[in-house]
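Contents: one structure, followed by commentary.
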Amino acid sequence: MRTAIQSLKDRAIEWYSACVMVAWGITFALPGDLLSKPDFVGFHRYTTSDAFLAALFSFMGSAGLIALYINGRWPRGPLIRIARGAFGAVAWALIAYAFYDAAKINNLPIGTGPLVYALLALFEFVSIYRAAYDVRYHHA
Numbered sequence: 633m634r635t636a637i638q639s640l641k642d643r644a645i646e647w648y649s650a651c652v653m654v655a656w657g658i659t660f661a662l663p664g665d666l667l668s669k670p671d672f673v674g675f676h677r678y679t680t681s682d683a684f685l686a687a688l689f690s691f692m693g694s695a696g697l698i699a700l701y702i703n704g705r706w707p708r709g710p711l712i713r714i715a716r717g718a719f720g721a722v723a724w725a726l727i728a729y730a731f732y733d734a735a736k737i738n739n740l741p742i743g744t745g746p747l748v749y750a751l752l753a754l755f756e757f758v759s760i761y762r763a764a765y766d767v768r769y770h771h772a
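Taking our numbering, the leading residue of the sequence shown gets 633, the next gets one more, and so forth.
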């Protein structure tokens with residue numbers, strides 16, 4: 633049986649992404665309207681409220697953390713990891729584009745955000761592959 637420490641070491645990217653999701657959820661839950669800031673103007677294509685993003689990212693990040701913690705102890709853990717990874721791949725890709733779009737709308741140079749979140753989206757596919765392997769391994 634895997635321990636939480638082994639899971640952290642072997643699935644560091646998944647832990648990191650899930651923690652970033654929770655951090656995004658907390659950030660959107662803080663007082664104020666984050667979506668009204670110039671850096672977030674590109675997000676209006678995908679959502680209308682901070683509360684929606686707070687709930688969505690908090691839920692998906694927390695579900696991912698729980699699935700990673702119980703991974704190996706519950707047969708459906710890898711399936712939750714696949715769902716969180718798919719959500720993460722789409723979410724981080726959209727966030728990368730939203731930051732790129734905001735820079736263009738504000739006529740500013742493109743910062744590091746689009747590339748960092750695009751890389752996070754790319755690494756989510758690695759996480760999905762690894763979770764899919766765990767599904768095959770545990771059901772074989």
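Just so you know, even glycine gets a beta-carbon here, dropped at the ideal spot from N, CA and C. Note that the structure is predicted; figures quoted are calculated from it, not measured.
Outcome for residue i when other beta-carbon atoms lying within 10 angstroms are tallied against a minimum of 16
| i | result |
| --- | --- |
| ASP682 | buried |
| PHE660 | buried |
| GLY717 | buried |
Alpha carbon of residue i to alpha carbon of residue j, nearest angstrom
| i | j | result |
| --- | --- | --- |
| TRP706 | ILE712 | 10 Å |
| LEU662 | TYR765 | 38 Å |
| ARG768 | ILE737 | 45 Å |
| GLY657 | PHE684 | 9 Å |
| ALA725 | PRO670 | 19 Å |
| HIS676 | PHE731 | 11 Å |
| TRP686 | ALA699 | The question names Trp, but residue 686 in the sequence shown is Ala. If you take the alpha carbons of ALA686 and ALA699, they lie about 20 Å apart. |
| LEU667 | GLY709 | 33 Å |
| GLU646 | PRO746 | 19 Å |
| ASN739 | LEU697 | 38 Å |
| ALA715 | LEU754 | 15 Å |
Residue interval of the alpha helix (DSSP H) (run including residue i)
| i | result |
| --- | --- |
| SER681 | Here SER681 belongs to no alpha helix (DSSP H), and DSSP marks it neither H nor E. |
| LYS736 | 709–737 |
| SER649 | 644–661 |
Proximity winner among the options, relative to residue i (alpha-carbon distances)
| i | options | result |
| --- | --- | --- |
| PHE719 | GLY745, LEU747, ALA650, THR744 | ALA650 |
| ALA723 | ASP642, GLU756, GLY664 | GLU756 |
| ARG643 | GLY674, ILE702, THR680, ASP665 | ILE702 |
Hey, is the segment 683–694 in contact with the segment 754–761, meaning 3+ C-beta pairs nearer than 8 Å? No, they do not touch.
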